[in-house]
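Have a look at the structure below, then the notes.
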Amino acid sequence: MNRNYVPIEGAYRFWFKELSYNTTKIDLMLLEYVKDCFISSNGGNALIDWTESFKLIKNEITTSRNVANREDAATRCFRVKNFLKILPTYEVLWMRKVWGIPSKKCPRCAIEEETWDHLWICNKNRAGDTESEIFKASLDEVLSQNVDIMDKDQKNQWKEDLWEVAATKSMIMGPENLIREITRGLINEKWWRTCKIRGQCKVLKDIFDVYLKEIQMQIWNRRCVETIESERQLGILKDLKRKKKRVDDGEEMMEKAEGEEKSENKKTRKKIKNIIKINLEENKKDDVFRLGIRDRKSWGSKVISNLVNT
Ligand SMILES: [Zn+2]
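Start counting the sequence shown at 2; every next residue gets the next number (this note's numbering).
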């Protein structure tokens, strides 16, 4: 074993170095999406329970890992894009130069820019569809089903405790409170401190899950139906949005260039996927050979392995 060890180590080191270089690049790319949680957060990220947050984002609270159906895929797709703040809002589409998008302005209220944060506070959302109303409704809904572990007084006390946490200011989302963190799929450790009775944590996870489902259905899906309708009236059709690009000097870039770009993107994405897969396998080897120390601070790859991992 000893005699064979050295050459393996050398070759492996070389390989791993190459891989690390590539994954660092991916880390940097993905980090761009989530840097507000990790870098510009003044240590606030330490308060996020990342393990449970990723479970929530990957829709694994109610759906088991091996089940994969359409509904689950759609939910997960929404939650991941929502977490990365890449839902196709007008801000995102404008930045991508999608054809027909006149500006970053919200297509519904036409007052503010349609950023990720604006989605939840747009005055065109229905009156009862605020985050706090939806959170309250989710809380009531789940609690009405879980009668057995708490009596009425305990339930009321817990509701009060949860409301107190809900009103706490978020460390990573500027002026927002902890409900906005849940809207993004992030579970703050502070929530768990309200769980004093056995089984409460599980109930709380269900509440977050129901909340995110409602946020998606009542706010995002409704927003999409309304936006598609107003786009249809303006002649901005899905097909054209896909095929054409906005060009600022007035001329439109045609399908072909876009097609080429797409296949190029596809190739890159495939490459990245492969690298991630290899890296994950290599990481396992890393444990066996005990070569090098896994970089615990490599948040980017943590995010990737959590989101891309099957
Ligand atoms: Zn709006």
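No residue lacks a Cβ here, since even glycine has one placed at the ideal position from N, Cα and C.
Contacts around residue 188, its chain only, beta-carbon distance under 6 Å, and the 5 residues preceding and following it disregarded: As a position in the sequence shown, residue 188 is number 187, starting the count at 1. Here the set comprises 50, 53 and 54.
Residues near ligand 1, criterion Cβ-heavy atom distance below 5 Å: Ordered along the chain, the selected set is 107, 109, 110 and 123.
According to DSSP, residues forming a beta bridge with residue 106: In the sequence shown, counting from the first residue as 1, residue 106 sits at position 105. Per DSSP, 114.
Exposure of residue 186, with buried meaning 16 or more beta-carbon neighbours within 10 Å: In the sequence shown, the residue the question calls residue 186 occupies position 185. For residue 186, the number of other beta carbons within 10 angstroms of its own is at least 16, and it is reported as buried.
Other residues of its chain near residue 136: CB distance less than 7 Å, five sequence neighbours each side excluded: As a first step, residue 136 must be located in the sequence shown, where it is residue number 135. Answer for residue 136: 167, 180 and 212, listed in chain order.
Contact set for residue 140: own chain, Cβ-Cβ below 6 Å, skip 5 residues either direction: By 1-based counting over the sequence shown, the position of residue 140 is 139. Excluding five sequence positions before and after residue 140, the CB atoms of its chain that fall closer than 6 Å to its own CB belong to 208, given in chain order.
Residues near residue 60 in its chain [Cβ-Cβ closer than 7 Å; skip 5 each side]: As a first step, residue 60 is located in the sequence shown; it is residue number 59 there, counting from the start. 73, 76, 77 and 80, listed in sequence order.
As assigned by DSSP and simplified to three states, the class of residue 49: Position 48 of the sequence shown, counted from the first residue, corresponds to residue 49. Residue state, collapsed to three classes: strand.
Backbone CA spacing between residue 157 and residue 63 [nearest angstrom]: Here residue 157 refers to the residue found at position 156 when the sequence shown is read from its first residue. Here residue 63 refers to the residue found at position 62 when the sequence shown is read from its first residue. Separation of residue 157 and residue 63 (C-alpha to C-alpha, rounded to the nearest whole angstrom) is 25 Å.
Residue from 153, 170 and 82 with nearest C-alpha to residue 58: Counted from its first residue, the sequence shown places residue 58 at position 57. Measuring from the Cα of residue 58, the nearest candidate turns out to be 82.
Buried or exposed (CB count within 10 angstroms, at least 16 for buried), residue 218: Numbered from its first residue, the sequence shown carries residue 218 at position 217. Counting Cβ neighbours within 10 Å, residue 218 comes out exposed, since fewer than 16 surround it.
Coarse secondary structure for residue 86, derived from DSSP in three states: For the purposes of this step, residue 86 is identified with residue 85 of the sequence shown, where counting begins at 1. Under the three-state reduction of DSSP output, residue 86 falls in the coil class, being neither helix nor strand.
CB contact below 7 Å: residue 241 versus chain B: Of the protein chains in this structure there is only one, and it is not chain B.
Residue range of the alpha helix (DSSP H) that includes residue 125: Counting from one through the sequence shown, the residue named residue 125 turns up at place 124. Counted as a single uninterrupted DSSP element, the stretch harbouring residue 125 is not any alpha helix (DSSP H), since DSSP gives it neither H nor E.
Check whether residue 220 and residue 118 have beta carbons under 7 Å apart: Taking the first residue of the sequence shown as 1, we reach residue 220 at position 219. Taking the first residue of the sequence shown as 1, we reach residue 118 at position 117. Going by C-beta atoms, residue 220 is not nearer than 7 Å to residue 118.
Status (buried if at least 16 other CB within 10 Å, exposed otherwise) for residue 204: Here the question's residue 204 lines up with position 203 in the sequence shown. Classification of residue 204: buried, given that the 10 Å Cβ count is 16 or more.
Coarse secondary structure for residue 170, derived from DSSP in three states: Position 169 of the sequence shown, counted from the start, is the residue given in the question as residue 170. Strand.
Beta-carbon proximity of residue 105 to residue 113, cut-off 7 Å: Position 104 of the sequence shown, counted from the start, is the residue given in the question as residue 105. Position 112 of the sequence shown, counted from the start, is the residue given in the question as residue 113. At a Cβ-Cβ threshold of 7 Å, residue 105 and residue 113 do not count as neighbours.
Segments assigned beta strand (DSSP E), at least 3 residues, entirely inside the region 134-168: Entirely contained in the region 134-168, not one beta strand (DSSP E) run reaches 3 residues.
Where residue 201 falls, given that 16 or more other Cβ within 10 Å makes a residue buried: As a first step, residue 201 must be located in the sequence shown, where it is residue number 200. Note on residue 201: 16 or more other CB atoms within 10 angstroms of its CB, so buried under the neighbour-count rule.
Alpha-carbon to alpha-carbon, residue 183 and residue 174: Taking the first residue of the sequence shown as 1, we reach residue 174 at position 173. Taking the first residue of the sequence shown as 1, we reach residue 183 at position 182. When only Cα atoms are considered, residue 174 and residue 183 end up about 11 Å apart.
Nonlocal neighbours in the same chain, by C-beta distance under 7 Å from residue 123, ignoring five residues either side: Residue mapping note: residue 123 aligns to position 122 of the sequence shown, counting from 1. Excluding residues within five positions, the ones whose Cβ falls inside 7 Å are 107, 109 and 110.
Same chain, Cβ closer than 7 Å to residue 210, five either side skipped, listed in chain order: As a position in the sequence shown, residue 210 is number 209, starting the count at 1. Around residue 210: 57, 62 and 63.
Contacting residues, own chain, Cβ-Cβ under 6 Å from residue 286 (five flanking each side not counted): Numbered from its first residue, the sequence shown carries residue 286 at position 285. Low local confidence applies: a pLDDT of 46 at residue 286 is under 50, so the model's placement there is unreliable, with the coordinate-based value given in what follows. Hits under 6 Å: none found.
Bridge partners - residue 189, DSSP secondary structure assignment: What you label residue 189 is simply residue 188 of the sequence shown in a count that begins at 1. Residue 189 is bridged by DSSP to 49.
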